[in-house]
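A short worksheet on the structure shown next.
Number of protein chains: 2
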Amino acid sequence: MNNLRKHIDSIIEIDEKDLLSFTSNFQKKSYLKNENILLPGEKNDCLMYINTGVVRVFYTDSEGKEITIHIGSEDMWVNNLYYFFTKRESILTIQAIEETVIYQIRRGDLEKAYTNQPVIETFIRLKLQRAFISLQERTLNQITSTAEERYLTFKQNYGDIETRVPQYVIASYLNITPEHLSKIRHRLLKN
Amino acid sequence: MNNLRKHIDSIIEIDEKDLLSFTSNFQKKSYLKNENILLPGEKNDCLMYINTGVVRVFYTDSEGKEITIHIGSEDMWVNNLYYFFTKRESILTIQAIEETVIYQIRRGDLEKAYTNQPVIETFIRLKLQRAFISLQERTLNQITSTAEERYLTFKQNYGDIETRVPQYVIASYLNITPEHLSKIRHRLLKN
DNA sequence: CTGATTTCTTAATCTGGATTAAGATTTAAG
DNA sequence: CTTAAATCTTAATCCAGATTAAGAAATCAG
């Protein structure tokens, strides 16, 4: 659980005691490659930190097409905040793309921490700020950039994750078809 | 400032004293129809609550095309959170669409309130949660719905704002051209 | 190893919505 | 009122990226 502690400590100033008692609420969970972490219709009552592995969150439309909304790896949080906060049944699927180890905390325990270690509320507020910022960046990028530009931005932001994730997942994250992504990569290689 | 106080009181439990001392940090600002509230290149150091009027936030691309990101009216907050939180120079414009009265608080005063009236940090966290939720809803809707469906969703969510805002602004919010919106409305009227 | 399944590529065709252009209507200023 | 400017509509043409189809390459289970 050391990575998680370092992660929190890098974002807020927190004393050893509070950090230990907060992180003691987390449980470790392990998933196999391609295993589902959360299915549509289930409630997402935990906030999840990725210790090792790669995870994606996706929406499945009425024709069965998957639209990837988030991709995360080591030292990132699984972003299903929408359903975590609304407490509604998730319509999104969370899936491990590689063998993955996460640490998770239940909503109730997080809410208790807001009271017992108030600095945790600051931590969550900052996390939310960043999540909001990156979602807005992604949304604006989606609207103002072509498919090729979006792919280049993805490469910049996600580095080696590109090689750890199937291409059809990346395509669905970029909101294009796998065929089109294939064409873009071919075109870029030639230049 | 009564609306603002009612608004805050409806979201968190706050005692009269804290509420008054928090809201005393807000200043009133008035804008004419079509007046700009914030220009690209300026810093957005205030959080703004709309008391009366209609405001939009938009991005201007390299060809001068405007993309509307948020539309807000009475009892809503002006959503330029991205630049408020990053402290970067805004690339977005905030504009009053009607004659508008807002109440604003400076970032520094908000941060002091986190310490002096801790319940305000809860308030901002909840605001952020909702902003995140509606941005994610909008993003998913943008990806999974056709232009016509997006228009119908807009009508449902925004009610009478439709009639208070020029149609080319609505088109840019829906990420379509005014011509296409015109066609959609025509098609819907026939059925 | 080997066949089966999954993933990726290539290429032809199609389409939602953009672009362009021009006229009609509304709004605002004198 | 009257005119100019802003906004909205209609219609023809165009294009980025989708869809469809089929073969190639990689991965996996036995």
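Same order as they appear, the protein sequences are chains A and B. Just add 96 to the spot in the first sequence (first one is 1) and you have my numbering. Just add 96 to the spot in the second sequence (first one is 1) and you have my numbering. All C-beta atoms, glycine included, are put in the ideal place defined by N, C-alpha and C.
Query	Result
is_contact[A/Tyr178, chain B] using C-beta, thresh 7 Å	yes
Rounded C-alpha distance that separates B/Phe294 from A/Glu233	No answer is possible for residue 294 of chain B: it lies beyond the span of chain B, which begins at 97 and ends at 287.
Contact between the stretch 114 to 126 of chain A and the stretch 154 to 173 of chain A (3+ Cβ pairs under 8 Å)	no
Residue-level contact to chain B via CB, A/Arg221, 7 Å cutoff	yes
Length-filtered (3 minimum) beta strand (DSSP E) runs lying within the stretch 113 to 186 of chain A	123 to 127, 132 to 134, 142 to 148, 150 to 156 and 162 to 169
Proximity to B/Asp245 [Cα-Cα], best of B/Asp256, B/Glu258 and B/Leu284	Looking at the sequence provided, one finds Glu at residue 245 of chain B rather than Asp. Ranking B/Asp256, B/Glu258 and B/Leu284 by Cα distance to B/Glu245 puts B/Leu284 first.
Local conformation of B/Ile95 per DSSP, three classes	Nothing in the structure corresponds to residue 95 of chain B, since chain B is present only between 97 and 287.
Residues near A/Tyr178 by beta carbon distance below 7 Å, same chain, minus five either side	none
Per-residue contacts from B/Glu194 into chain A (C-beta, under 7 Å)	By Cβ distance, chain A contributes nothing, its closest Cβ being about 25 Å from B/Glu194, past 7 Å.
Beta-carbon proximity of B/Tyr269 to B/Ile133, cut-off 7 Å	no
Selection of the stretch 265 to 286 of chain B by Cβ proximity to chain A, strictly under 9 Å	Asn271
DSSP-derived helix/strand/coil call for B/Val265	helix
A/Phe154 versus A/Ile163 - alpha carbon distance	5 Å
Closest by C-alpha distance to A/Gln213, when choosing among A/Asn121, A/Leu277, A/Asn99 and A/Trp173	A/Asn121
Chain-ordered residues of the stretch 232 to 248 of chain B with a beta carbon less than 9 Å from chain A	Gln232, Glu233, Arg234, Thr235, Leu236, Gln238, Ile239 and Thr240
B/Gln225 at chain A interface by Cβ criterion, 7 Å	yes
Closer than 7 Å to chain B by CB, A/Glu207	no
Cα-Cα separation between B/Leu277 and B/Lys129, rounded to whole angstroms	24 Å
Contact check, B/Val215 vs B/Ile104, beta carbons under 7 Å	no
A/Pro214: contacting residues in chain B (beta-carbon distance under 9 Å)	Pro214 and Glu217
Secondary structure of B/Ile190, DSSP reduced to three states	strand
Under 9 Å by beta carbon: chain B residues contacting A/Thr182	Gln225 and Ile229
CB contact check: A/Asp157 to chain B, cutoff 7 Å	yes
Buried versus exposed call for B/Ser186 [16 or more other C-beta atoms within 10 Å across all chains shown]	buried
Range covered by the beta strand (DSSP E) that runs through A/Thr196	Thr196 to Arg202
CB of B/Ile257 within 7 Å of CB of B/Ser169, strictly	yes
Helix, strand or coil at B/Asn271 according to DSSP, with G and I counted as helix	coil
Pairwise C-alpha distance: B/Val150 and A/Arg226	27 Å
Residue-level contact to chain A via CB, B/Ile201, 7 Å cutoff	no
Partner residues on chain B for A/Ile167, Cβ-Cβ distance less than 7 Å	Under the 7 Å cutoff, chain B gives no residues; its nearest Cβ is about 15 Å from A/Ile167.
Backbone secondary structure at B/Asp111 - three-state DSSP	coil
CB contact flag (B/Leu135, B/Thr218, <7 Å)	no
Cut-off 7 Å between Cβ atoms - residues of its own chain near A/Arg152, not counting five sequence neighbours on either side	Thr164, His166, Ile167, Gln191, Ile193 and Val265
Where the alpha helix (DSSP H) containing A/Asn253 begins and where it ends	Ala243 to Tyr254
Short Cβ contact (7 Å threshold) for A/Ile198 with A/Ile146	yes
B/Ile201 beta carbon less than 7 Å from that of B/Leu143	yes
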